[in-house]
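First comes the structure, then the notes that go with it.
Protein chains: 2
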Amino acid sequence: MAVVLDGRETSAKVAEELKAQVEELKRKGVTPTLALILVGTDQYSARYVNMKAKRAEEIGVATQVHQLEQTNTEEVVKLIRKLNADPKVHGFMVQLPVPKELNELAIVEAIAPGKDVDGIGPTTFGKILMGEECHHPAGIVAIMELLRRYNIDPEGKHWVIAGYTNIIGKPMAALLMNMKVSVSLCRADDPKLPEIVRQGDVIVTELYRKHAINADMVKRGVVVIDNGNNYEGKKVFGDVDTEGVSQVASAITPVPGGVGPLLITMLLRNTVKAASH
Amino acid sequence: MAVVLDGRETSAKVAEELKAQVEELKRKGVTPTLALILVGTDQYSARYVNMKAKRAEEIGVATQVHQLEQTNTEEVVKLIRKLNADPKVHGFMVQLPVPKELNELAIVEAIAPGKDVDGIGPTTFGKILMGEECHHPAGIVAIMELLRRYNIDPEGKHWVIAGYTNIIGKPMAALLMNMKVSVSLCRADDPKLPEIVRQGDVIVTELYRKHAINADMVKRGVVVIDNGNNYEGKKVFGDVDTEGVSQVASAITPVPGGVGPLLITMLLRNTVKAASH
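Residue numbers (the numbering used here), protein chains in the order written: chain A, 49 to 325; chain B, 49 to 325.
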């Protein structure tokens, strides 16, 4: 039976460590501060920003919420330049996606890489690909942290990225290109997906398709990181048939309760790191 | 027998097209202008910059050579900022590598993405990964151009990147992540290299190891792009045993005479493109 890579438990542990680090920073007169930019009026984005602010507070990270309801690209970029220059703000993020009429690339490109604690800007992406130091997107830090906590060595493995977007798969692949691993990538609609997935010692899915991967498709002993978030009513399913695959995998993330609960914590960890420099 | 993907012939054709485009631009009052920054006193770098200036002249692209013999990071960055702001300069490049005592990342990061015609900055790398428009490094434009001229459809294929650095393999993989392909990557020292190389419908090598890939290691009908440059005295060898692999491949780049002769031409094409905007 596969070890369950428990994101909730790991997140709680990291949060405890962060609290201690924040206290230490505050003793030195530094209050780690995260600015959250919310563009438009999307309810889901607003809820998510509030969750982030609440979690930040629990850890002791100060937050500023900047909501721009009716706005344009220039205004958002102007706010970003202000935050780039503000020494009290250690990091900030723009809740994506922004409304369609705005130029999202111009917005994320304006974020100073040193403050891009959500790892969403093109310069950050490029630095990851080049193997240079920078903030990594929460999703990929979460994956690496889960492996570390469960003593799974990421190196010397054949990693398979099944499905990939800017959120997880692409920056994950870029990071892996700077480690001692083999990497294969297949798109969600790739006819070679089964053949490629079977080669994986570690499989990272970002397919957004319920139970697209089952026990017959994977190698015995595989480590499975499931980033699926497939809702059926209020129930959420992963990309992987967790129950079946658990019989052959050595480790697997549950959905829910895998990578998800770590995302906000990792954003906060990036912020605390930025404040420490 | 494999079709030979002739870089010299392709380069000459592209150069002819560029000449016509440059004339057209000049008629409109625009002279495409490329600035070449040479840092330090390395003889090889100086020769390469001179070759670029000479080829630019042949095509009608104006050049400026900025040589900074004794310098530091701040001075180079200052020059870059001046060129970023100079409307007469459509693109510029820094001949890499710069001397070790300089901060190469800070230098390439200072280049405005719109003028990064050599595709070496982190923002450019990030945009390629994100699938956003930008100048692509000469090596990968050269590869895509060779395929196009020889009517080889890059899509629907399993691409293998055997060996990868910032010059070819990493930006190539980033580009492929935005196309309808499967991609596998293995490092030069990857024990799985033979197993992975055998899967490739298209193989791009950047191994820097003479004849590391032979006919027994590849699939029949494979397309092989050899970026090796392995010198033995004055003779240069590719990463691929060209003669042997030609018996089973459908198309192959010779070494020398494959991707190499296209590199400067593609830098100039990026410059002309920048001048057209």
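The beta-carbon is built from N, C-alpha and C at its ideal position, and this holds for glycine as well.
As the structure is a computational prediction, the values presented were derived from the model and not from experiment.
Should Ala-83(B) be counted as a contact of the ligand GDP given a C-beta to heavy atom distance under 6 angstroms?
Absence of the ligand GDP is noted for the structure shown, with no ligands found whatsoever.
Which value, in whole angstroms, describes the spacing of the CA atoms of Ala-221(A) and Tyr-212(A)?
The straight-line gap from Cα to Cα measures roughly 9 angstroms.
Measure the CB-CB distance between Val-125(A) and Ala-158(A) and report whether it falls below 7 angstroms.
Yes. Within cutoff.
Quick one: what does DSSP say Val-52(B) is sitting in, helix, strand or coil?
Strand at Val-52(B).
Below 7 angstroms CB to CB, which residues in the same chain sit around Ile-312(A) once its five sequence neighbours on both sides are set aside?
Once the five neighbours on either side are set aside, the close Cβ partners of Ile-312(A) are Met-99, Lys-100 and Arg-103.
For Arg-317(A), does the count of other Cβ atoms within 10 angstroms reach 16, so buried, or fall short, so exposed?
Arg-317(A) should be labelled buried.
Own chain, CB closer than 8 angstroms to Val-245(B), minus 5 neighbours either side, in chain order:
The answer, listed in chain order, is Val-208, Ala-210, Cys-234, Ile-251, Ile-261, Met-265 and Val-266.
Check Lys-267(A) in the structure and name its three-state DSSP category.
Looking at Lys-267(A) - three-state DSSP - the assignment turns out to be coil, as it is neither helix nor strand.
Tell me the rounded alpha-carbon separation between Met-227(B) and Glu-203(B).
About 7 angstroms.
Exposure label - Gly-276(B); buried when at least 16 CB within 10 Å
So Gly-276(B) ends up on the buried side.
Residue nearest to Gly-179(A) in terms of C-alpha spacing, selected from Cys-182(B), Gly-169(B) and Leu-194(B):
The residue with the shortest Cα to Cα distance from Gly-179(A) is Gly-169(B).
Going by DSSP, what residue range makes up the alpha helix (DSSP H) through Ala-104(A)?
91 to 107 is the extent of the alpha helix (DSSP H) around Ala-104(A).
Give me the chain A residues within the contact set of His-206(B), using Cβ-Cβ distance strictly less than 7 angstroms, ordered along the chain.
Annotation: Cβ neighbours of His-206(B) in chain A (cutoff 7 angstroms, chain order): Lys-240.
With a threshold of 7 angstroms between beta carbons, is Ala-297(A) in contact with chain B?
Not one beta carbon of chain B lies nearer than 7 angstroms to the beta carbon of Ala-297(A).
Boundaries of the alpha helix (DSSP H) in which Ser-324(A) is found, first to last residue
Ser-324(A) -> alpha helix (DSSP H) spans 311 to 324.
If you draw a straight line from the alpha carbon of Val-189(A) to that of Asp-166(A), how long is it in whole angstroms?
If you take the alpha carbons of Val-189(A) and Asp-166(A), they lie about 10 angstroms apart.
What does the Cβ neighbour count give for Glu-123(B), buried or exposed, with the cut at 16 atoms within 10 Å?
Counting Cβ neighbours within 10 Å, Glu-123(B) comes out exposed, since fewer than 16 surround it.
So, at 6 angstroms on beta carbons, what are the nonlocal neighbours of Val-224(B) in its own chain, with the 5 sequence-adjacent residues on each side left out?
Checking the sequence shown, residue 224(B) turns out to be Leu, not Val. Cβ neighbours of Leu-224(B) beyond the five flanking positions: Trp-207 and Val-231.
Three-way DSSP call (helix, strand, coil) for Ala-21(A) in this model
Nothing can be reported for residue 21(A), as the shown portion of chain A is limited to 49 through 325.
For Gln-115(A), which beta-bridge partners are listed by DSSP?
According to DSSP, Gln-115(A) bridges with Leu-86(A).
Could you name the residues of the same chain whose beta carbon sits closer than 6 angstroms to that of Phe-285(A), not counting the 5 residues immediately before and after it, in chain order?
Same-chain partners within the cutoff: Lys-258 and Asn-278.
Starting from the beta carbon of Ala-186(B), find every residue of chain A whose beta carbon is closer than 8 angstroms, and list them in chain order.
Ala-186(B) does not reach chain A, its nearest Cβ partner there being about 17 angstroms away, counting only Cβ pairs nearer than 8 angstroms.
Which residues of chain A have a Cβ atom closer than 9 angstroms to the Cβ of Pro-309(B), listed in chain order?
Simply none; closest approach about 27 angstroms.
Starting from Ala-297(A), trace the beta strand (DSSP E) both ways and give me its first and last residue.
Careful: Ala-297(A) lies outside any beta strand (DSSP E) and carries neither H nor E.
Buried or exposed for Glu-149(B), going by 16 or more other Cβ atoms inside 10 Å?
That one is exposed.
How many Å lie between Asp-134(A) and Gln-115(A) at the Cα?
Rounded to whole angstroms, Asp-134(A) and Gln-115(A) show a C-alpha spacing of 18 angstroms.
Chain-ordered neighbours of Met-13(A) on chain B, where CB pairs are closer than 8 angstroms
Given a span of 49 to 325 for chain A in the structure shown, any question on residue 13(A) remains unanswerable.
Given Pro-13(B), which residues of its chain have a CB within under 7 angstroms of its CB, disregarding the five upstream and five downstream residues?
Residue 13(B) falls outside the range modelled here, since chain B spans only 49 to 325, and no answer is possible.
Give a yes or no on whether 7 angstroms exceeds the smallest Cβ distance from Met-227(A) to chain B.
With 7 angstroms as the cut-off, Met-227(A) does not count as an interface residue toward chain B.
Between the alpha carbons of Ser-117(B) and Met-141(A), how many angstroms are there, rounded?
One point to set straight first is that residue 117(B) is Glu, not Ser, in the sequence displayed. So the alpha carbons of these two residues sit roughly 41 angstroms apart.
So Ala-221(B) contacts chain A; which residues on that side make the cut at Cβ distance below 9 angstroms?
Neighbours of Ala-221(B) on chain A, chain order: Leu-177, Ala-221, Ala-222, Met-225, Val-231 and Leu-233.
Using beta-carbon positions only, say whether Asp-293(B) and Thr-301(B) come within less than 7 angstroms of one another.
This sequence places Val at residue 293(B); Asp is not what is there. Taking 7 angstroms as the Cβ cut-off, Val-293(B) and Thr-301(B) do not qualify as a contacting pair.
By the DSSP assignment, the beta strand (DSSP E) with Thr-253(A) in it spans what residues?
Following the DSSP letters along the chain, one finds Thr-253(A) inside the beta strand (DSSP E) bounded by residues 250 to 253.
Can you tell me which of Gly-139(B), Ala-60(B) and Asp-164(B) puts its alpha carbon nearest to the alpha carbon of Glu-106(B)?
Comparing Cα-Cα distances from Glu-106(B) to each of Gly-139(B), Ala-60(B) and Asp-164(B), the minimum goes to Ala-60(B).
Identify the contact partners of Ile-244(A) in chain B, using a Cβ-Cβ distance below 7 angstroms as the criterion.
Per Cβ cutoff of 7 angstroms: Ser-230.
Cβ-based neighbour list, Tyr-96(A), same chain, cut-off 8 angstroms, excluding 5 preceding and 5 following
Taking C-beta separations shorter than 8 angstroms and ignoring five residues to either side along the sequence, the partners of Tyr-96(A) in its chain run Gln-143, following chain order.
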